[in-house]
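Protein sequences appear in the order of chains A and B.
If you use our numbering, the first sequence corresponds to residues 1 to 694, in order.
If you use our numbering, the second sequence corresponds to residues 1001 to 1694, in order.
This report concerns only the one structure given below.
There are 2 protein chains.
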Amino acid sequence: MDRTRDLSRREFVTSAISTAAISCLPAQPLLARVTPQASAAASAHEPGPPLIQSPNWKNQGVENLANSPFAKLHDIPVRAVTVNSGLWGKRRETNVTRSIPTMHDLLEANGRMDNFRRLIGKSSAPQRGPVYSDSDVYKWTEAVGFALQSGDRPELRQTAEKIIADVVAAQEPSGYLNTYYQGDRTSLRMLPETQTTGHELYCMGHMLQGAIAYYRATGDRTMLDAGIRFVDDFLLPNYGPAPKKPIVSGHPEIEMSLIELYRITGDRRQLDLAGYILHGDERIQLPERRTIYMFCGTSFTERTKLEGHAVRAMYACCGATDYYLETGDPTYWKTLNTLWNDLTGTKMYITGGVGSRAQGEAFGDAYELPNFRAYGESCAAIGNMMWNWRMLAATGEAKFADVIERALYNGINSGMSLDGTMYCYRNPLGFDPSSGDKIRNPWYDTTCCPPNLERTFASLPGYFYSTSKDGIYVHLYNDSELNWHLEHGEPLKIVQKTNYPWDGRVELAVTPAAATDFTLYLRIPGWAQKVKAGVNGKSLEGMKPGEYFPIRRSWQAGDMVRLEMEMPVRVMQANPQVVADTSRVAVERGPLVYCLEELDQPAGTALSNIAVSVEQHPADEFRASYHGDLLGGVTVLQGKGASYDWGTRQDSLYSRFDTDPPKTKDVPLTFIPYYAWANRESAAMQVWNRLHRT
Amino acid sequence: MDRTRDLSRREFVTSAISTAAISCLPAQPLLARVTPQASAAASAHEPGPPLIQSPNWKNQGVENLANSPFAKLHDIPVRAVTVNSGLWGKRRETNVTRSIPTMHDLLEANGRMDNFRRLIGKSSAPQRGPVYSDSDVYKWTEAVGFALQSGDRPELRQTAEKIIADVVAAQEPSGYLNTYYQGDRTSLRMLPETQTTGHELYCMGHMLQGAIAYYRATGDRTMLDAGIRFVDDFLLPNYGPAPKKPIVSGHPEIEMSLIELYRITGDRRQLDLAGYILHGDERIQLPERRTIYMFCGTSFTERTKLEGHAVRAMYACCGATDYYLETGDPTYWKTLNTLWNDLTGTKMYITGGVGSRAQGEAFGDAYELPNFRAYGESCAAIGNMMWNWRMLAATGEAKFADVIERALYNGINSGMSLDGTMYCYRNPLGFDPSSGDKIRNPWYDTTCCPPNLERTFASLPGYFYSTSKDGIYVHLYNDSELNWHLEHGEPLKIVQKTNYPWDGRVELAVTPAAATDFTLYLRIPGWAQKVKAGVNGKSLEGMKPGEYFPIRRSWQAGDMVRLEMEMPVRVMQANPQVVADTSRVAVERGPLVYCLEELDQPAGTALSNIAVSVEQHPADEFRASYHGDLLGGVTVLQGKGASYDWGTRQDSLYSRFDTDPPKTKDVPLTFIPYYAWANRESAAMQVWNRLHRT
């Protein structure tokens, strides 16, 4: 045990290959490894403890799938892609200059950091915040870690270093770390009930993710070593299959974190522990309602549908997919696909948001997708994106990237205000200000969503591309520059020039260091119906929506790929089983879902009486125009609508069926991207609007 | 204080008039009082302590409004109306022979009675059930009380007497009584937090209601005296405006109970305490979410809408209306009407059920009325009926009786299975068995609804009629016999012969002891469009739906009133703001809401693909037929429908708007009364079905 611990602490990266070689892992595909030398040479700034043994930190992406035997695609590092302009350039700049710093101040003001300082005698403040408050700090640290991967921000780094120092100092010699269960509540620690509801392992999962992101930014192992101490000294020796003490996850999160840690350390015990947790331990029996709500307490592979707490379910699916990526266990793969079909076939909002019910922040039944009451927690949409990222890595199938894009541009993007200081916890698809709900807030006592949004935007460049054995996949389109290399080591630069998502034309300047044979996989989004593509002015054929279009050739500097996706307005209908959308339509353009906000409509127009006029060729009826000064710059859609005068049927809650149709009056309608709603004065909003057939 | 207590214990009824005379009550209308002698003479069976001072118990109705200055209508005793046949005769017989006895056994089996016996050394079982478990026993006792008002049931009475003996024995000398907060938890008693969430006063409110119903059945004051001890010895001396300790209601219920107690004792302090509680005490400040959820903690008269926990809100409205009936406070009346308009205009299901949200068992926003996810707790529908009964008493306006009928026949009636042993907690308006929900259950650990349904059905005869200064009001139609008297004392018998609710014809044989001038107010339900009425074969004119039709004449034995209300099938639409009912219709006939259960439709028909075909004259398209052997005897409706083949739009959750209408196939549809659903094998059910225009 000691030997392993030393290994994992000090030699983990260099030992990873040999550990894997003697483990019972399935045969690994032959993966070209970046040599430590190449990477170390590129590294100028390496603070923290010496990293002679692990120069690979700079090459690891959001996930380090380089050695994952069942990953078809492999992440590239966040730092390999520069995204400085376009929609995401602006969002990311706001994130790092406004959101992350102001969230730090709020976490401080609300005692989240003092919770750690109290334990090391640096604060006399009492414990504050809910049981899972440590995770807020960790998620914020992860956001900083991803932000620093895109370039040093000394002030942010110094702030984080101080926090990390306090976090690490609060860790007990046993390896245990949770400010809520140190001090007065020590006796409650890791009791079955505490494991179920106390979020101890959830917090440590986020600690590991924060530590890993920070390590991958800076090479600083301070926090990562503390995380490894928790896992290796506290968790592994004491918890696991009998005769060790049992674990129940309570709020899944530790699973994917343990596996990501394994991807650094190569310590198979960490992967096995994740598998043990995903399988569940019969010694802890939860009531059925808890196995549903908590998406744990029963074997993951026995699940047949998504239910219960949406974030828990999505994080469990992330962990299970990570487990599949390492083990190839077919029962996991079967379950994951069953759940994915359940999600995208019956339980996902058109925004990519998931979790219909406020009660239990939970999935509803199939087709239960209310709009005004939609919960659609920002964290759940993020979990959806994270899960699909892993499914995409396993398969290279574009249907998963379609879900990522849908969630990212809409149900996640809506979660942060344009100025980066207000956050949605819920992301409803309809809003009536008379409900009194405050949808955007700077702070929540359960502040899971704000730092989750921040880490997501900070990590975004890592989602633009993946490499595969035979080439490179382009997943996302935005002005950007890739500087990386193919898996056989050839350096590669790709510069994207585009006005996406406002325009469907993308130019990709593909520049390998030397002429090289490989395949460039261009993602053709599922929404794209009319697509042209070409290389160096020569047209290509065979692009299919919802698939990657492979361009296999000998690439050389100066090659220019041109992708042209028409972006007509799309009038969308929901499956007829979705009661909330009966006789309603939504409007999309490109990757964006649009909505009506009442304040953009003619004075006196009530959204509740509005219908969207749709004729035979819906797309022709809308006019798209970019407004640089509106909502940070958005393309607005103008269409035709009808305002209904309901007459007497409006006077009572129930009345005899009236065979006379209501009177209607034509009104012009103005749609804005859903993500930009609630950034002005409070106003009614609807994504699904009544359909008016003309 | 002592003097008052003695009065309230031993002389309360005879002292009531003089107490009222010297109180600061507004001037009372001149009410004809039934003389004690007349009532005592009619009473053969009077168990329990001597009742020389209070022979009036037999004359008190569900509420005793005889001296309530702002009651226009006055309850008649439950025992004055015999309901032995028809829909309610059958339901009531099942209730008293099956439901009440089996609920007793379940309460015993689940330790609810042992909670009391433990405190008096008769049981060693630990405390069982949630904090409000005492109320289950009290509500059951109230059900027995009402049942015994319709005639002695020796076995039931003896069982109740034993339980009452244990309850009373568990009371502390201080007057305090709550099995959850005696013993180990004594120190928590009546702390502000306990008052807020501990249901102490809620339980005692139900204790008083149970005691009063039992007293009105038997004259037995054992439990009533214990209730008075709690109020007079424990509550009044210690709690109330400063310098006494503050009260917050937590779960409104005590308010209406204190006022009903006041109506027996005449002890104004009890009324004033109810007023104090309804007003709230600034010394206990609840967070806003709790004042919303608990419908207390702020002055009732500051409320502007119904929100929060539906049962709490309805019970608070009951208490506030009772307070108005005694005080005439115009600010209460204004608030009550505001809330009533909010309820019936925006928040009530067509079944009379209320409370849209499972989360917090709560009211939703205006027009938030989902069908499958409808909560519609049985208790809330009962609270709705109880509140409207009080509003009706204050005004004599039939709109309140319309709500009573709607709730009673539908959203309450659905709460108990036809065999009387299974109960709904939720009463949704749509059901998909694949959700796995069990809608009807014999027992809930929070078993508030089952005994609530039992007390409601047991008390039902008390809702058939009211008297007023100038005559008598007929509220409900069912085969029945009234034996009572007018307010000036003239004995009156009314025999109803009808097949209501299956048929709209009602014969009322009106038999005063001697020829007497008075007004018979016939309720013309709001749903009745074509109505004929006559006396002794002579037609009357001027009946209006939703109003009482006054027939003022000199009545004499042999007078026969005939009321003929046509009962066409009504196709109903919801207010267009109700998103869940967009392009959907419901079907009603008479007072009944109908639904489709999938098992009544042609094989292979899925309700989710079904639409109701509606032409210009909807009523003509349906055929009504009574089936005596189906569901305890129901009138079934047969109509035309269409089954939709959605084609490809069924294949995905979202798709491009399809301008081609789906293919349809004619199918015959069979509707059953909503209340009778889920009494056979589990099947899909829908009240609001898609509309198919032909």
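All residues carry an ideal CB built from backbone N, CA and C; glycine is no exception.
(request) Give every residue of the same chain whose Cβ lies closer than 6 angstroms to the Cβ of residue 439 (chain A), excluding the five residues on either side of it in the sequence, and list them in chain order. (result) 424, 678
(request) Report all residues from its chain with a CB closer than 8 angstroms to the CB of residue 1682 (chain B); omit the five preceding and five following residues, and keep chain order. (result) The beta carbon of residue 1682 (chain B) lies closer than 8 angstroms to those of 1433 in the same chain, with the five residues before and after it left out.
(message) Between residue 572 (chain A) and chain B, is any beta-carbon pair separated by less than 8 angstroms?
(response) yes
(message) If the cut-off is 7 angstroms on Cβ atoms, which residues from the region 340-355 of chain A count as contacting chain B, listed in chain order?
(response) Within the region 340-355 of chain A, contact with chain B at the beta-carbon level (separation under 7 angstroms) is assigned to 344, 345, 346, 348, 350.
(request) Could you pull out every unbroken beta strand (DSSP E) segment of at least 3 residues lying fully inside the region 1320-1399 of chain B, listed in chain order? (result) none
(message) Please return the same chain residues whose Cβ sits closer than 7 angstroms to the Cβ of residue 1132 (chain B), not counting the five positions on each side in sequence.
(response) 1199, 1202, 1203
(request) Take residue 224 (chain A) as the anchor and find which of A:552, A:348, A:161 has the nearest alpha-carbon. (result) A:161
(request) Write down the C-beta distance between residue 1063 (chain B) and residue 1255 (chain B) rounded to the nearest angstrom, noting that I regard them as a contact closer than 8 angstroms. (result) Actually they do not touch by this definition, with Cβ atoms about 13 angstroms apart.
(message) Judging by CA-CA distance, which residue of B:1166, B:1251, B:1532, B:1324 is the nearest neighbour of residue 1291 (chain B)?
(response) B:1251
(message) Can you list, in chain order, the residues of its chain with a C-beta nearer than 8 angstroms to that of residue 1120 (chain B)? Leave out the 5 residues immediately preceding and following it.
(response) 1166, 1169, 1170
(message) Can you tell me which residues form a DSSP beta bridge with residue 562 (chain A)?
(response) A:507, A:534
(request) Measure from the C-beta of residue 605 (chain A) to each C-beta in chain B and report whether the shortest distance is under 8 angstroms. (result) For residue 605 (chain A), no Cβ of chain B is located within less than 8 angstroms of the residue's own Cβ.
(request) Mind listing the chain A neighbours of residue 1689 (chain B)? Cutoff is C-beta to C-beta under 9 angstroms, in chain order. (result) Residues of chain A passing the Cβ test: none, with the nearest at roughly 11 angstroms.
(message) DSSP three-state label for residue 1655 (chain B), please.
(response) In the structure shown, residue 1655 (chain B) sits in a strand (DSSP, three-state: E or B).
(request) Please check if any C-beta of chain A sits within less than 8 angstroms of the C-beta of residue 1365 (chain B). (result) yes
(request) Identify which residue in A:350, A:319, A:388, A:296 has its Cα closest to the Cα of residue 340 (chain A). (result) A:388
(message) Within a Cβ cutoff of 7 angstroms, which residues of the same chain sit near residue 1130 (chain B), ignoring the five residues on either side of it in sequence?
(response) 1445, 1446
(request) Using a Cβ-Cβ cut-off of 8 angstroms, state whether residue 110 (chain A) counts as contacting chain B. (result) no
(message) Taking the beta carbon of residue 552 (chain A) as the centre, do at least 16 other beta carbons fall within 10 Å, making it buried, or is it exposed?
(response) exposed
(request) Would you please verify whether the beta carbon of residue 1702 (chain B) is less than 8 angstroms from any beta carbon of chain A? (result) For residue 1702 (chain B) there is no data in the structure shown, the boundaries of chain B being 1001 and 1694.
(request) Using a threshold of 8 angstroms, state whether the C-beta atoms of residue 1057 (chain B) and residue 576 (chain A) are closer than that. (result) no
(request) Starting from the C-beta of residue 697 (chain A), find all residues in its chain whose C-beta is less than 8 angstroms away, skip the five residues before and the five after it, and write them out in chain order. (result) Absent from the structure is residue 697 (chain A), since the part of chain A shown begins at 1 and ends at 694.
(request) Work out the CA separation of residue 1376 (chain B) and residue 110 (chain A) for me, nearest whole Å. (result) 39 angstroms
(request) Below 8 angstroms on the Cβ atoms is my guess for residue 1599 (chain B) versus residue 1693 (chain B); work out the distance and round it to an integer in Å. (result) Contact flag wrong, Cβ pair sits at about 27 angstroms.
(message) Using a Cβ-Cβ distance cut-off of 8 angstroms, determine whether residue 1646 (chain B) contacts chain A.
(response) yes
(message) Restricting to Cα atoms, I'd like to know which of B:1274, B:1496, B:1366 is closest to residue 1082 (chain B).
(response) B:1496
(request) Could you work out which residue in B:1236, B:1471, B:1085, B:1196 is closest to residue 1275 (chain B) when comparing CA atoms only? (result) B:1236
(message) Mapping the DSSP letters down to three states, classify residue 494 (chain A) as helix, strand or coil.
(response) strand
(message) Measuring straight from C-alpha to C-alpha, what distance separates residue 1402 (chain B) and residue 654 (chain A)?
(response) 13 angstroms
(request) Answer yes if the region 1557-1570 of chain B comes into contact with the region 1526-1544 of chain B, meaning at least three C-beta pairs across the two stretches below 8 angstroms, and no otherwise. (result) Between the region 1526-1544 of chain B and the region 1557-1570 of chain B, the count of C-beta pairs closer than 8 angstroms reaches three or more; the two stretches touch.
(message) Relative to the C-alpha of residue 1370 (chain B), which candidate in B:1346, B:1382, B:1393 has its C-alpha closest?
(response) Relative to residue 1370 (chain B), the option among B:1346, B:1382, B:1393 whose CA is nearest is B:1346.
(request) Report the neighbours of residue 1582 (chain B) on chain A: residues whose CB is nearer than 8 angstroms to its CB, in chain order. (result) 582, 583, 584, 690
(request) Determine which residues share a DSSP beta bridge with residue 1441 (chain B) and list them. (result) DSSP lists B:1423 as the beta-bridge partner residues of residue 1441 (chain B).
(message) With a threshold of 8 angstroms between beta carbons, is residue 654 (chain A) in contact with chain B?
(response) yes
(message) For residue 50 (chain A), which residues in the same chain have their Cβ closer than 8 angstroms to its Cβ, ignoring the five residues on either side in sequence?
(response) Its pLDDT being 33, under 50, residue 50 (chain A) is placed unreliably in this model, and the coordinates cannot settle the point.
(request) Measuring only between beta-carbons, confirm whether residue 358 (chain A) sits less than 8 angstroms from chain B. (result) yes
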